[in-house]
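A short write-up of the structure that comes next.
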Amino acid sequence: GESVGLHLPTLSVQEGDNSIINCAYSNSASDYFIWYKQESGKGPQFIIDIRSNMDKRQGQRVTVLLNKTVKHLSLQIAATQPGDSAVYFCAEKGGVGNLIFGKGTKLSVKP
Amino acid sequence: DSGVTQTPKHLITATGQRVTLRCSPRSGDLSVYWYQQSLDQGLQFLIQYYNGEERAKGNILERFSAQQFPDLHSELNLSSLELGDSALYFCASSASGVNSYEQYFGPGTRLTVT
C-alpha cells in the first residue's frame, strides 16, 4: 500500500550548518512529492515540490532530491537559521487527489 | 499567511456533542481538503470538495460530514464526539489545473473533547 515514512524523528543542527531531512516512500508509482514546514501552532506551509521526472529541484536555500531507484526523498536546507526550527513533513500524492503525509521530523537549530 | 482562513481557532466541547468547523479557501481556489492531525496518526486526509461537489473521501468517520457552499467556503461537521476526536483539524485549498496538488493550509482548529 501507499505509505510515506521518515528516517529520523528529530534532528538538531548548529546555526549556519546545512540540514538534511530524509524521507522514504513505498509506492514506486508515486509521481509527485511535496515538503511542508509546520511551526508550532500553525498549519503546514508549502516549501517545495518535485515531480518524478526530476531528480533535483532548488528553491531559496532549499533543495529537494529524489532518488526513484531507492524510493528516497530528501530536503536540504542551506545555512540553517533559527527560524527554520519546525517539524518538516514529506508528502506524496495519493490516489484520490489527496496528500499522504509522513510522520514528520522535528528540526531544532542551536544558536 | 496562506490565505486560507479557519474558524474557530480553538473549540472545547463535551463527548456526545456536535460541532461545526469553518474554512474559507484562498481566493480563486475551487478545491477544499480537510485533514485531521493527531499525535498518534499524523496528518490524515478526511475529504475533498471541488466547486461544491464531493470529490474524494479518505479516512472520514460516518459521524463526520462536510459540505462546500456556492461561495466556496466549507464546513466540517463532527457529531457524537468522542474523546479520540480531539485533534487539530486543518483545511487546505488548491487551484484547479496542473498545480492542483500544491495545497495551502489554514491555521487549523484545535478541538478538545472532554
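Listed in order, the protein sequences are those of chains A and B.
Note that the first sequence covers residues 139 to 249 in the working numbering.
Note that the second sequence covers residues -3 to 110 in the working numbering.
C-beta atoms are modelled at their ideal positions from N, C-alpha and C, and glycine is treated no differently.
Taking the Cβ atom as the reference point for each residue, do Ile215/A and Ala229/A lie within a distance shorter than 8 angstroms?
no
So, helix, strand or coil for Leu203/A, using DSSP?
strand
Helix, strand or coil, according to DSSP, for Asp222/A in the structure here?
helix
In or out: Gly232/A buried (at least 16 other Cβ within 10 Å) or exposed?
buried
Against chain A, with Cβ distances strictly below 8 angstroms, would Pro103/B count as a contact?
yes
Please report the residue range of the beta strand (DSSP E) in which His210/A lies.
His210 to Ile215
Cutoff 8 angstroms: Val234/A Cβ touching any chain B Cβ
yes
What number of angstroms, rounded off, separates the C-alpha of Gly242/A from the C-alpha of Ser89/B?
21 angstroms
Where the segment 165 to 199 of chain A meets chain B: residues whose CB sits under 9 angstroms from a CB there
Tyr170, Ile172, Tyr174, Gln176, Gly179, Lys180, Gly181, Pro182, Gln183, Phe184 and Asp187
Closest to Pro103/B by CA distance: which of Cys161/A, Ser150/A, Gln183/A and Ala162/A is it?
Gln183/A
Measure the CB-CB distance between Ser190/A and Tyr174/A and report whether it falls below 8 angstroms.
no
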